[in-house]
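What follows is a set of notes on a single structure, which appears directly below.
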Amino acid sequence: MAPTKYEIPPKLPVPSMKDCFKSYLDDLSAIIPQEEWEKTRALVQEFTAKDGLGPILHKTLEELAERVENWAHDFWLDDMYFKVGLALPVNSNPGMVLRRQNFTSDSEWLRFAAEVMYGAVEYKLLIDGEDVPQNYTREHDPLDMQQYRNIFPTYRRPGLIKDQRIRFSGSEHCIVVTKGQFFQLNLFNDGEINTPAELASELTWIVDHAEDDPQLSVGLLTTMARREWAQVHKILSAAKTNEKSLAIIESSLFLLCLDDECQVMSDIDVNEETTTLHEMIHGGGSAAHSRNRWFEKPLQLIVNRQGYCGLNYEHSSAEGIPVVAMIESAYKRAQAWKKNQEIEMQRGRHPKMTRRESTISLGNGRTHSTTSTGINDGQPIDGIQEESVDGHGIQDKEKQGDDDIFNETSPKHLKWNLSDELLTILDATCHDIDRLAGDLELRVYRFDLFGKNVPKQFKMSPDCFVQLALQLAFYKSHGHLVATYESASIRRFTQGRVDVIRAATKEAKRWVEAMTLNGRSKEEMLKLFWDAMEKQTDVMNKAIRGQGVDNYFIALREIGTALTGAVPDVFDDENFKYFNSFYLSTSQVPTSDEKTFMGYGPVIPGGYGCSYNLHEKQILFCISSWRSCTKTSTKLFSGNLDEGLLEMQELLQNTSS
């Protein structure tokens with residue numbers, strides 16, 4: 001591990017094999033019939049027996065844990081992201097909505113975008129210098145800070161077997177995209193960040209010179225299924241012009257997407273927040289702003305001419321918390337500038353736009369150095385051997401003679417050489433992203449009758465309260481429970497990402513059955529509720545403390561497959577596959593501004609996505625499903641969620657009086 005200022009958390013422990021498989025069988029019993037459960041129990045008994053394969057794999061995992069920083073990290077990244085062949089928009093990349101702005105002119109729109117860019121670069125320099133304050137748990141245990149370093153200088157490149165992450169150092173440019181056209185914009189001059197006024201001037205030039213040419217909307221290719229895009233990527237990069245443009249995009253710090261009007265994509269609840277989230281998740285289709293994206297970059301800042309703002313981010317790079325921290329910092333800077341503009345205008349003065357503002361100070365007497373990234377090119381990242389690249393993304397052996405493409409006057413319009421074959425592929429891709437975007441049934445709504453104040457009143461975890469509400473809503477909608485995913489941060493361990501908090505438990509099933517059947521007394525329902533709450537709290541605490549089952553099972557499966565040449569029977573079981581089919585995928589993404597929220601699509605056909613943001617007196621939900629699935633309904637689910645939350649409040653309040 002490289003030297004660091006930060007406190008380093010302990011290593012992730014290897015959980016008990018006995019405890020993990022007991023939890024597996026317990027939770028599985030809540031979602032499959034008894035006769036199926038008996039078959040799986042027999043496989044578990046065989047696998048975990050003293051002379052079974054389980055103890056051998058467990059010992060191998062313990063030995064691996066001694067050698068590496070985090071035994072789960074690489075297995076989890078491959079399983080969750082790099083080996084998944086689905087298209088990135090909707091299926092993987094979340095969208096985030098920020099507080100809407102009111103722009104009175106294009107110049108104000110572009111200056112605001114420049115302020116956001118400037119704030120993002122400021123935060124990037126803080127990350128480089130390890131000046132972002134260390135994050136801690138409530139118990140003041142240090143949290144791992146490595147995810148912050150993945151927000152800016154990395155790229156997810158498609159592969160024929162699996163994707164890989166590439167890390168760059170020394171990059172000083174971003175990509176600005178408007179009307180489907182891509183421009184390189186240098187962010188620094190002689191080691192200093194260009195001022196917001198200078199950046200706004202460059203953005204004005206870009207908007208004025210961008211020509212609308214759908215045939216050259218190459219960003220749409222990043223909406224393809226991953227293995228198909230990997231094949232097309234090889235064809236595209238064969239032309240030298242395309243290779244250079246790809247290198248510039250890959251090595252950029254981020255994308256700035258300058259969009260026009262939002263497209264209404266919902267017939268459920270046509271409200272501003274739902275429409276905006278569609279825009280941030282997928283861009284609205286090929287005729288709208290999906291062409292204004294490059295979905296493989298970790299960070300795409302989106303500033304809409306109408307004032308709708310947000311981002312799309314490639315999820316393998318980081319979890320939501322570091323991304324939220326970065327964008328809220330950058331956005332607050334832009335909002336402060338806009339507020340100052342409004343004050344000056346009210347006073348009858350027009351604020352001055354200076355060409356050169358003060359140099360950024362990073363504190364402690366430090367100034368920005370373009371070589372202070374602390375990242376070594378060509379070093380393995382996330383267990384994958386990367387290519388040796390410089391800050392421009394060109395391999396050293398090919399770099400000679402190409403430096404001039406990065407030294408031209410900024411901004412630079414990226415060029416493409418598209419053959420008839422590529423144009424045909426691009427045309428087909430337009431239809432695919434239109435179908436994908438149109439299939440997303442999304443609803444953003446605010447439950448405003450209470451928030452985390454009610455569960456806190458009864459001394460329970462607000463998050464566990466919402467998880468039980470989601471179980472009740474699903475049961476009301478479909479008459480059974482399903483495997484449920486909630487992200488469990490394990491950043492209290494070195495290189496920690498997430499494990500899974502599972503909410504479909506035996507205790508939850510007994511409670512939701514009681515809540516939906518007539519003849520159960522309030523006292524009985526309350527007892528079952530507290531049993532479910534106690535279980536959910538225990539599951540949550542175990543997961544965040546490194547005792548979850550999902551990372552452990554992924555590791556054993558991959559180790560077993562590598563050692564024996566076949567997937568172990570216990571993991572090849574159809575019931576195990578169903579256990580890992582997350583028909584309800586959820587997460588809580590806290591933000592400081594109640595107008596800021598994040599959402600995403602379902603992770604499997606026939607499933608729901610549900611992110612939520614708990615505030616003191618309201619809960620914001622972003623619920624998604626597929627229109628093409630006749631068994632699911634975002635409208636039905638959200639209605640039952642509303643109803644269930646009120647029933648839970650009534651249950652608690654009536655029995656406490």
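Sequential numbering from 1 applies to the sequence shown in UniProt numbering.
Idealized CB from N, CA, C, for every residue including glycine.
Quick caveat, the model's predicted, so the values are computed rather than measured.
Spatial neighbours of Asn407 in its chain, beta-carbon cut-off 6 Å, leaving aside the 5 residues before and after
Low local confidence applies: a pLDDT of 47 at Asn407 is under 50, so the model's placement there is unreliable, with the coordinate-based value given in what follows. Answer for Asn407: no residue qualifies.
In three-state terms, what does DSSP make of Gly438?
helix
Does the CB of His478 have a neighbour CB from chain D at under 8 Å?
Note that chain D does not occur in the displayed structure, where there is just one protein chain.
Using the beta-carbon count (16 or more within 10 Å), is Phe40 buried or exposed?
The sequence given here has Thr at residue 40, not Phe. Buried is the call here.
Can you tell me which residues form a DSSP beta bridge with Pro142?
DSSP lists Tyr136 as the bridge partner or partners of Pro142.
Closest by CA to Gly191, which one among Glu202, Gly170, Thr204?
If you compare the alpha carbons of Glu202, Gly170, Thr204 with that of Gly191, the shortest gap goes to Gly170.
Simplified DSSP assignment, three categories, for Trp229:
helix
Beta-carbon proximity check, Phe493 vs Gly546, cutoff 8 Å:
Judged by beta-carbon spacing, Gly546 lies within the 8 Å limit of Phe493, meaning their Cβ atoms are closer than that value.
Contact check, Asp78 vs Lys11, beta carbons under 8 Å:
Result no, Cβ atoms of Asp78 and Lys11 do not sit closer than 8 Å.
Does the beta-carbon distance from Cys622 to Phe597 come in below 8 Å?
Remark: C-beta atoms of Cys622 and Phe597 approach each other more closely than 8 Å.
DSSP beta-bridge partners of Asn93
Pro89
Report, in whole angstroms, the separation of the C-beta atoms of Ser252 and Gly119, which I expect to be a contact under 8 Å.
So it is not a contact: roughly 17 Å between Cβ atoms.
Can you give me the C-alpha to C-alpha distance between Thr137 and Leu143, rounded to a whole angstrom?
7 Å
When Gln653, Thr561, Gly479 are compared against Phe637, the one with the closest alpha-carbon:
Gly479
Residues that Val177 bridges to, as DSSP identifies them
Phe182, Cys257
Candidates Leu88, Ala238, Thr222: which alpha carbon is nearest Asn417's?
Ala238
With a Cβ-Cβ cutoff of 8 Å, do Leu88 and Thr4 count as a contact?
no
CA nearest to the CA of Arg149, picked from Ala287, Leu246, Lys297, Pro322
Pro322
Apart from the five residues on each side of it in sequence, which residues of its chain come closer than 7 Å, Cβ to Cβ, to Cys430?
Leu220, Ser286
What are the boundary residues of the beta strand (DSSP E) that Ile619 is part of?
619-626
Secondary structure at Lys412, three-state DSSP: helix, strand or coil?
DSSP, read as helix, strand or coil, puts Lys412 in strand.
What are the complete beta strand (DSSP E) segments, minimum 3 residues, inside the region 422-468?
440-447
For Thr373, I'd like the list of residues in its chain whose CB is within less than 6 Å of its CB, leaving aside the five on either flank, ordered along the chain.
Annotation note: pLDDT 29 at Thr373 (below 50); position unreliable, no value reported.
Distance check for Leu468 and Thr516, CA to CA, integer angstroms please.
Near 14 Å, if we compare the C-alpha coordinates of Leu468 and Thr516.
Closer than 7 Å by C-beta to Gln146: which residues in its own chain qualify, once you throw out the five before and the five after it? Chain order, please.
Gln495
Straight-line Cα distance separating Ile433 from Gly451:
36 Å
Rounded to the nearest angstrom, how far is the Cβ of Ile151 from that of Met326, given a contact under 8 Å?
6 Å
What are the start and end residues of the alpha helix (DSSP H) that includes Phe571?
569-572
Between which two residues does the beta strand (DSSP E) containing Ile501 stretch?
498-501
Check each candidate in His173, Arg291, Pro196, Leu53 and name the one with the smallest Cα separation from Asn186.
His173
To the nearest angstrom, how far is it from the Cα of Gln395 to the Cα of Glu243?
Reliability of the predicted coordinates at Gln395 is poor, the pLDDT of 35 falling under 50, and no value is obtained from them.
Endpoints, alpha helix (DSSP H) assigned at Arg67
53-67
At least 3 beta-carbon pairs within less than 8 Å: the region 287-302 vs the region 68-86
no
With 16 other CB atoms within 10 Å as the buried threshold, where does Asn575 fall?
Per the 10 Å Cβ criterion, buried.
Roughly how far, in whole angstroms, is the beta-carbon of Ile175 from the beta-carbon of Phe188, given that I think they are within contact range, below 8 Å?
Contact check for Ile175 and Phe188: beta-carbon distance about 15 Å, past the 8 Å limit, so the pair fails to qualify.
Decide if the region 455-466 is in contact with the region 554-572; the criterion is three or more beta carbon pairs, one per stretch, under 8 Å apart.
no
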